Ligand SMILES: Cc1cc2nc3c(=O)[nH]c(=O)nc-3n(C[C@H](O)[C@H](O)[C@H](O)COP(=O)(O)O)c2cc1C
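Residue numbers (our numbering): 11 to 492.
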């Protein structure tokens, strides 16, 4: 049975308006930093999404900022009430993507695909006709693709990948951006297309529906088009590209088609990044040659403005990285009670709750997650017992500061895979994306005598049930509000 979901950004915008999570900005805004600055402030204040009706120099285009930068918006995108607590949102995601059925896309004819309302090919193609924002001061150029997905196909087995890889407009028909070698598209491009010197067809989808955005940003273990179908509970409607046999979501706003060129690089960046810093220097990066653009009438361009928390990249990558680790650890039979990454950690720190079932379990957990496909994206793991609420920062900080031995509880794993964007890493490590990892083991050693284990002194743990009940029943009678 299909779940409640929004088949395009326009339906999602209406839902956000209804729930009070959208502000319609009628006055004209400038694509040159003004839009970016508004979206940045919205992220920092966790304010409603701005829906820009009028963009300077671009009549006929609209924009939509911070599309998924709060848990309220994430809940809405999944068809849940906006105030749904985070653990419940996580459970819905796990139920759909772990226990649900993958759904193959439903292929539709171009007459039923709004993204084909305007088709531009040949000499008419000009990326400057689209309102790419200058997102931050100091960026190396205008970034058209800030909340988007790139569709590509494995040259050997035809496996489909959707992923978010930023793209800066270089000239009328060229975009450029980093494709990290451990990402799924990176593996197709660097391990196959480049050695064979073969261009790799791509389609950049701008303004896809929110669940397609979540799927593209997730480190999914299956092709993201089918993963998106799991989130929807039915196949996503897709239409064939103009120039290749790739398929794109039929209800998206703008599609940019072309080839990713092997063995050539052009300068890209700097850019304000998800860590909240401008970290990577201007350097030669991957080149996208554009040969066609199709778009809906009056297209709406999503604008994500990365920086200090919380933007949608931080929120959704933390959410899905944590839950993919949850699936991985459970698939190995580890008795975990949950996994969570706070978006404020810019998906660098993960908290894992587990039963303290046997000696070395924290190390086993750390080695599994650091060594997995997800490993390059984070470097700190905090393992706590099942009594610590992993969603409660205060409780985790208490456990970390009282239960992690400064020598025996901290384990460093050197020379692992990392990203070139770690602000703490020296340039020599950033250049090659080398990382190190650290585990904070907050579990009580199992060889301690029971009488040696310090007792947690909390209302819940140290009072008899009858006293707790009496106090709770009389709480307002004592004069407290709640
Ligand atoms: C807004 C945003 C921008 C991103 N930009 C890049 C990028 O420029 N290059 C890159 O390799 N990964 C980037 N990522 C991470 C990839 O999107 C991520 O690796 C991929 O979508 C999912 O992983 P997988 O396909 O490798 O499993 C970005 C993620 C987000 C949310």
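Cβ atoms here follow ideal geometry from the backbone N, Cα and C, with glycine treated the same way.
It should be emphasised that the depicted structure is a prediction, and the values quoted were computed from it without experimental measurement.
- In this structure, DSSP gives residue 177 an extended state, which the three-state scheme calls strand.
- Relative to ligand 1, the beta carbon of residue 440 is positioned no closer than 7 Å to any heavy atom.
- Scanning its chain for C-beta atoms nearer than 8 Å, with the 5 sequence neighbours on each side dropped, one finds around residue 193 the residues 173 and 175, in chain order.
- Here the alpha carbon of residue 313 sits roughly 5 Å from the alpha carbon of residue 75.
- Note: residue 172 is bridge-paired with 161 in the DSSP secondary-structure output.
- Three or more pairs of CB atoms, one per stretch, sit closer than 8 Å, so the stretch 294-305 contacts the stretch 260-270.
- According to the DSSP secondary-structure assignment, residue 449 is paired through a beta bridge with 391 and 421.
- Rounded to the nearest whole angstrom, the C-alpha separation of residue 342 and residue 19 is 38 Å.
- About 11 Å separates the beta carbons of residue 450 and residue 360, which is beyond the 8 Å limit, so they are not a contact pair.
- Contact between residue 335 and residue 318 is absent: CB atoms are separated by about 24 Å, not below the 8 Å threshold.
- In this chain, residue 103 is not harboured by any beta strand (DSSP E); it is covered by the alpha helix (DSSP H) spanning 96-108.
- Here residue 120 has 126, 249 and 250 as same chain residues with Cβ atoms under 8 Å from its own Cβ, once five neighbours each way along the sequence are excluded.
- Under the DSSP assignment, residue 406 falls in the alpha helix (DSSP H) whose first and last residues are 403-413.
- Across the structure, residue 422 and residue 399 are spaced so that their CA atoms are roughly 25 Å apart.
- For the pair residue 139 and residue 146, the Cα-to-Cα distance works out to about 20 Å.
- Residue 235 sits close to residue 115, with the two beta carbons spaced by under 8 Å.
- The beta carbons of residue 265 and residue 225 sit no closer together than 8 Å.
- The three-state secondary structure of residue 189, taken from DSSP, is coil.
- When the alpha-carbon of residue 285 is set against those of 157, 96, 430 and 65, the nearest one is in 430.
- Residue 309 and residue 223 do not touch by the CB rule: their CB atoms are close to 16 Å apart, not below 8 Å.
- Taken in chain order, the unbroken stretches of alpha helix (DSSP H) that lie wholly in the stretch 292-366 and span 4 residues or more are 322-341.
- Inclusion of residue 111 and residue 240 in the CB contact set at 8 Å is warranted, their separation being smaller than that value.
- Nearest in C-alpha terms to residue 256, of all of 227, 262 and 211, is 211.
- Here residue 19 carries a helix assignment [DSSP, helix/strand/coil].
- Assignment of residue 484 by DSSP, reduced to helix, strand and coil, places it in the helix class.
- It is roughly 21 Å from the alpha-carbon of residue 461 to the alpha-carbon of residue 408.
- DSSP places residue 431 outside any beta strand (DSSP E), giving it a letter other than H or E.
- In this model, residue 262 and residue 124 are separated by some 7 Å (Cα to Cα).
- Taking C-alpha positions only, residue 70 is separated from residue 307 by approximately 8 Å.
- Assigned with DSSP and collapsed to three states, residue 471 falls in helix.
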